[in-house]
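Visitor: Here it is, the structure, as C-alpha cells.
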Amino acid sequence: MPPKDTRIAVLGAGNMGSGIAQAFATAGYRVAVRDLTDKELQRGRDAVERNLNRSLERGRIDADKKAQILSRIEFTTDLTAAVAGTRLVVEAIFEDPKVKQALFAELATVVPKEAIVATNTSSLSVAKLFEEFPSPERCAGLHFFFPASVNKLVEVIPGPATSPATMEFLVSLCYGIRKIPIRVRDAPGFCVNRFFVPFLNEASRLVEEGVANIATVEAAANELLGTKMGPFELMNVTGVPIAFHSITTLGNAFGEYYRPSRILKEQFDRGEKWNTEGEVHPSAVDDVKARLAGCVIGIASRLVEEGVATAEETDRGARIGLAWKKGPFELLNSLGSISGYEHVDKLHRRWGVTFPVSPRLAEIAISNENWPLSTVRYDKEAPIAWVLLDRPEALNALNSSVLKDLAHAVTQAAADPEIRVVVLSSTSGNFAAGADIAEMVKKTPADSLAYTTTGHAVLRQIETLDKPVFAAVDGYALGGGLELALSADFILASEEATLGLPEVSLGIIPGFGGTQRLTRLVGPARAKMMILSGNPVKAPEAYDLGIAARIVPAERLREEARNLALTIASRAPIAVKLAKQAVDGGREASLPSGLALERQLATYTFTTADLREGMTAYLEKRKPKFQGA
Ligand code: CO8
C-alpha cells in the first residue's frame, strides 16, 4: 500500500470527486481537489462536510476525526498547484469525452513524470480517453460507485498500454482506502453496469408489457436479490436520466435488447420520478423474477466468457457495489443451472443475436452442474503455484467454502509436476482475519467438531505436502488465519502484518492447530503469552518471537516471495523434499532418532542423479540442471 504521505490530486469537486477525495482523506492521505471555480469547490467542500456530519451523528466518527479528515483536503482552482508532487491524479469531472480529453492534454504539461493518472468513468472507453496522453502506461480507469465516500466497490480498468505496475499500485491503493477493487476489461458498461443497467431497463419493460405493475416488480426484484430497494426506487434515487443515458450507451454498443424501453424514455422525457405506490400482485411475482434472473444471468455469463471480468469478481461487484445478497452466478447456482439457463434462453429466443446465450452456460446446464466459483485463486506461475485467498470483502475469513477451495488448490499444486513451490497468500492486502465468525456463531458443538476436523485436515494437508510451501503474509493474520500460516513450512511477513490468536476474546480457543503448532514453534511460554492474552503482535515482534522467519517491506512482499520461491525451486527437488521431511520428522523425535532419520535420508540422496549433477556442476563451475531424479 502506498505510504500515507503520498499526495493525491482529485480533479472535479462534484458528487463523485468530493466523495473520492473524502475516501482518500479518511484513509489518511493528503488530497488536493481542483475545480474551475470557487463556487464548484465550495459545493464540493459542503458535500464532504455534510457526509462527515452524517457520520458524526451516527457515531461513526468523532469531532476530532472529522477535523482531521477535513484538514487533509485542500481545495484549489490551480491545476499546477493541485498536481505538484502527486503520486496519483484521479480525474472525476463529468462524463464528456471531449472535455475529459482536453483536461488530460492540459494535465500532461504539468503532471509529475512518475504520477499515475486515473479517470473515474462509468461509461467511457479508457483506451480512447488516454489515446493522446504521452505516457499511457501510467493511465487507467477507476470506476468508483456512488456514493464514492461509502460504496466500497471500485472497478479498476486497464487501457491497452497500462503497465502491470500501474494496476498493482491502483489495486493496492484501493485496498489501502478500504475499498474492494475488481479488475475489469475496458468494455462498454465495464462489468457491473453491463448487467445492472439492463436489469433496470428490463424492469421497466415488464411494466410496459403489462406483466406486472411497478409495485409488483419492486417486490419481486427485492425477493430475487435480497435487496431493500427495487429497480424503480433506485432509479428515483440515482436519477432516471442516468439510467436512460446509460442504457442508451449500452444499446449503441450491443444492439436491440439493450435499447431503452418506451416507458423509460417517456419517463426521461417527462423528467419525472417513478410512482412506486401500488398493490403487489403475488400471481405475477414468479414471472417477473424469471425475466429479471434471465436478464442478469444471461448478460453476466456473456461478459465472463468475453473476459471482461471473472465470475467471482462479477458476483463481488453485485454484492459490494449494488448490495445484492447474491451475485448473478450465486443466483444461477441457487436457482439451479437448468432453470437459470431456461430463463436466459427464453430471452434469447425473443431478442436473438443481441441477447446470445453463453455456450458455457449451456454446457453447465446440460450437465446440471453449478457455475464454478472459488474463494481461493490458483495462479500457476511454474515452478510456483500461488494459492491466494480471495474473499477480500470479509478479510478472507475462513468459512467452509474457503476450506474446501483451499484443499482443492493444494491438491492441484500437489498433482502438478511443474510446480516445485507453493506460496500461500492472498489477492488483497490481508492474509486472513480468522475463521468466519458469522458462520461459527450458528454452529452446534457437533457442527464445531466437524468444522475443526475439516480445518485440521486441510491444514495437515498443507503441512505434509511433499513440496515446500510458505505463507506470504500481509495485513491481518488472525485466529484461523495465523493457524493456516503456521501450517506452512515458514512465514514470510510484510512489515505491516499483524499476527495473533484472539480466539479467547470470542470465548473459544484456537481450534485450527494454533495451540499445538505455535507452541512447537516458539515454546510454551511465548505461545501462552499470545494465546491467553489474545493480543496480536506486529510483524517485527512476530519476527523476534520466531513466528515470522523473515519480514520485508509491504510493497516488496510479492517480489520477495517470488524470489525466495524461485531460489527454493532452483535447488535439487529431492533434496528439498527430504530436507523438509528430516526437519518435520525429527521435530517430535529424540535427538538420536532425529539423527537416525537424517542419516537415512542423507544416504538416500547419494542414490540420486541430482546429487551427481549438483556436485559435478559445482566442480565444473556451472549452474546445475536438476531433473528431480
Ligand atoms: N469472520 C467473519 N467476518 C469477518 C472476520 C471474521 N473473522 N474478520 C473480518 N470480517 C469482516 C467484517 O465483519 C467486515 O464485514 P462487513 O464489511 O460486512 O461489516 C469486513 O470483514 C471488514 O472487516 P472490518 O470492517 O472489521 O475491518 P477493520 O479493518 O475495521 O478491522 C479486524 C479488522 C481488526 C481484523 C476486525 O475485522 C476483526 O476484529 N475481525 C475478527 C478477528 C478475529 O477475532 N479473528 C479470530 C476469529 S476466531 C478463529 O479464527 C478461530 C479459528 C478456529 C475455529 C475453530 C473453533 C470451532
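Numbering-wise (the numbering used here), the sequence shown opens with residue 106 and increments by one.
Ideal placement from N, C-alpha and C gives every residue a C-beta, glycine not left out.
Just to confirm, does S553 get its C-beta within under 7 Å of one of the non-hydrogen atoms of ligand 1?
Guide: Residue mapping note: residue 553 aligns to position 448 of the sequence shown, counting from 1. Within the cutoff, so yes.
Visitor: Just verifying my parser: in three-state terms, what is the DSSP assignment at V115?
Guide: Position 10 of the sequence shown holds residue 115. Strand.
Visitor: Please say whether A537 and G585 have beta carbons closer to each other than 8 Å?
Guide: Stepping through the sequence shown from its first residue, residue 585 is reached at position 480. Stepping through the sequence shown from its first residue, residue 537 is reached at position 432. The answer is yes: Cβ separation under 8 Å.
Visitor: Using three-state DSSP, classify E411 as helix, strand or coil.
Guide: Position 306 of the sequence shown, counted from the first residue, corresponds to residue 411. Residue state, collapsed to three classes: coil.
Visitor: At a threshold of 7 Å, does I404 count as lining ligand 3 (C-beta to nearest heavy atom)?
Guide: Ligand 3 is not part of the structure shown, which contains ligand 1 as its ligands.
Visitor: Alpha carbon to alpha carbon, how far is K548 from A325?
Guide: Within the sequence shown, residue 548 is the residue found at index 443, counting from 1. Within the sequence shown, residue 325 is the residue found at index 220, counting from 1. The straight-line gap from Cα to Cα measures roughly 32 Å.
Visitor: Nearest to I425 by alpha carbon, out of V138, F250, V385 and A714?
Guide: Looking up residue 425 in the sequence shown gives position 320. Among V138, F250, V385 and A714, the Cα nearest to that of I425 belongs to F250.
Visitor: Which full runs of the alpha helix (DSSP H) of 4+ residues lie inside the region 145-206, going along the chain?
Guide: Fully enclosed alpha helix (DSSP H) runs of 4 or longer: 168-176 and 184-188.
Visitor: Would you call the region 370-378 in contact with the region 386-405, where contact means no fewer than 3 C-beta pairs closer than 8 Å?
Guide: Because the criterion of three Cβ pairs below 8 Å is not met, the region 370-378 and the region 386-405 do not touch.
Visitor: I'd like the span of the beta strand (DSSP E) that includes P217, first residue to last.
Guide: In the sequence shown, the residue the question calls residue 217 occupies position 112. No beta strand (DSSP E) contains P217, which DSSP labels as neither H nor E.
Visitor: From this set, R155, A132 and R148, which residue's C-alpha is nearest L278's C-alpha?
Guide: Position 173 of the sequence shown holds residue 278. Checking every option, the nearest Cα to that of L278 belongs to A132.
Visitor: Taking all protein chains shown into account, do 16 or more other C-beta atoms lie within 10 angstroms of the C-beta of G315, making it buried, or fewer, making it exposed?
Guide: Position 210 of the sequence shown, counted from the first residue, corresponds to residue 315. Flag for G315 reads exposed.
Visitor: Please determine, among V255, V115 and P497, the residue with the shortest C-alpha to C-alpha distance to N156.
Guide: As a first step, residue 156 must be located in the sequence shown, where it is residue number 51. N156 has its Cα closest to that of V255, out of V255, V115 and P497.
Visitor: Could you check if I198 is buried or exposed, using at least 16 other CB atoms within 10 Å of its CB as the buried criterion?
Guide: Numbered from 1 along the sequence shown, position 93 holds the residue referred to as residue 198. By the neighbour-count rule (16 or more Cβ atoms within 10 Å), I198 is buried.
Visitor: Within its chain, find whatever has a CB closer than 6 Å to the CB of G445; leave out the 5 residues flanking it on each side and keep chain order.
Guide: Translated into positions along the sequence shown, residue 445 becomes position 340. Excluding sequence neighbours, G445 sits near I402 and L437.
Visitor: Please return the same chain residues whose Cβ sits closer than 8 Å to the Cβ of L355, not counting the five positions on each side in sequence.
Guide: Against the sequence shown, residue 355 aligns to sequence position 250. P293, G294, N298, R299, V302, P303 and Y363.
Visitor: Compute every distance between the C-beta of P550 and the non-hydrogen atoms of ligand 1, then say whether any falls below 7 Å.
Guide: Indexing the sequence shown from 1 puts residue 550 at position 445. Checking the Cβ of P550 against ligand 1 gives no.
Visitor: Is the distance from the Cβ of T459 to the Cβ of E307 below 8 Å?
Guide: The residue you call residue 459 lines up with position 354 of the sequence shown. The residue you call residue 307 lines up with position 202 of the sequence shown. Cβ atoms of T459 and E307: not closer than 8 Å.
Visitor: Name the residue from D391, A317, G432 and E338 whose alpha carbon lies nearest to the alpha carbon of E384.
Guide: Your numbering for residue 384 matches position 279 in the sequence shown. Closest by alpha carbon: A317.
Visitor: Straight-line CA distance for G651 to V627?
Guide: Here the question's residue 651 lines up with position 546 in the sequence shown. Here the question's residue 627 lines up with position 522 in the sequence shown. Cα to Cα, the separation comes out at about 6 Å.
Visitor: K485 by DSSP, collapsed to three states: which one?
Guide: The count along the sequence shown starts at 1 and reaches residue 485 at position 380. DSSP places K485 in strand when its eight states are reduced to three.
Visitor: Going by DSSP, what residue range makes up the beta strand (DSSP E) through Y581?
Guide: Within the sequence shown, numbered from 1, the residue matching residue 581 stands at position 476. That run of the beta strand (DSSP E) goes Y581 to L583.
Visitor: How many whole angstroms separate the CB atoms of E498 and R421, which I take to be in contact at a CB cut-off of 8 Å?
Guide: Numbered from its first residue, the sequence shown carries residue 498 at position 393. Numbered from its first residue, the sequence shown carries residue 421 at position 316. Right, their Cβ atoms sit about 7 Å apart.
Visitor: Among the candidates V204, L161, L208 and K171, whose CA atom is the shortest distance from the CA of L184?
Guide: In the sequence shown, residue 184 corresponds to position 79, counting from 1. The candidate whose alpha carbon is nearest that of L184 is L208.
Visitor: Please list, in chain order, all residues of the same chain as C400 whose beta carbon is under 6 Å from its beta carbon, the five residues on each side excluded.
Guide: Residue 400 sits at position 295 when you count from the first residue of the sequence shown. The residues are P303, F304 and E307.
Visitor: Looking at N225 and E196, is the spacing between their C-beta atoms short of 8 Å?
Guide: Position 91 of the sequence shown, counted from the first residue, corresponds to residue 196. Position 120 of the sequence shown, counted from the first residue, corresponds to residue 225. For E196 and N225, yes; Cβs fall inside 8 Å.
Visitor: Excluding the 5 residues flanking Y556 on each side, which residues of the same chain have their C-beta closer than 7 Å to its C-beta?
Guide: As a position in the sequence shown, residue 556 is number 451, starting the count at 1. Only K548 meet the Cβ criterion.
Visitor: Are there 16 or more other CB atoms within 10 angstroms of the CB of S176, so buried, or fewer, so exposed?
Guide: Taking the sequence shown and counting its residues from 1, the one referred to as residue 176 is at position 71. So S176 ends up on the exposed side.
Visitor: So, E665 versus L597, is the Cβ gap smaller than 8 Å?
Guide: For the purposes of this step, residue 665 is taken as the residue at position 560 of the sequence shown. For the purposes of this step, residue 597 is taken as the residue at position 492 of the sequence shown. Yes. Within cutoff.
Visitor: The alpha helix (DSSP H) with F595 in it runs from where to where?
Guide: Residue numbering aside, residue 595 sits at position 490 when the sequence shown is read from its first letter. Element bounds for F595: not the alpha helix (DSSP H) but the beta strand (DSSP E), F595 to S599.
Visitor: Whole angstroms are fine: how far does the CA of A502 sit from the CA of A602?
Guide: The residue you call residue 602 lines up with position 497 of the sequence shown. The residue you call residue 502 lines up with position 397 of the sequence shown. Each residue's alpha carbon lies about 16 Å from the other.
Visitor: Could you tell me whether any non-hydrogen atom of ligand 1 is closer than 7 Å to the CB of T267?
Guide: Position 162 of the sequence shown, counted from the start, is the residue given in the question as residue 267. No; taking the cut-off as 7 Å, the Cβ of T267 has no heavy atom of ligand 1 nearer than that.
Visitor: For R655 and L529, I'd like the C-alpha separation in whole angstroms.
Guide: As a first step, residue 655 is located in the sequence shown; it is residue number 550 there, counting from the start. As a first step, residue 529 is located in the sequence shown; it is residue number 424 there, counting from the start. Taking the straight line from one Cα to the other gives about 15 Å.
Visitor: Considering only the beta carbon of each residue, do P252 and D291 sit closer than 8 Å?
Guide: Against the sequence shown, residue 252 aligns to sequence position 147. Against the sequence shown, residue 291 aligns to sequence position 186. No.
Visitor: Spell out the partners DSSP gives R455 in its beta bridges.
Guide: The residue you call residue 455 lines up with position 350 of the sequence shown. DSSP lists no partner for R455.
Visitor: Helix, strand or coil, according to DSSP, for F536 in the structure here?
Guide: Looking up residue 536 in the sequence shown gives position 431. In this structure, F536 counts as coil in the three-state DSSP scheme.
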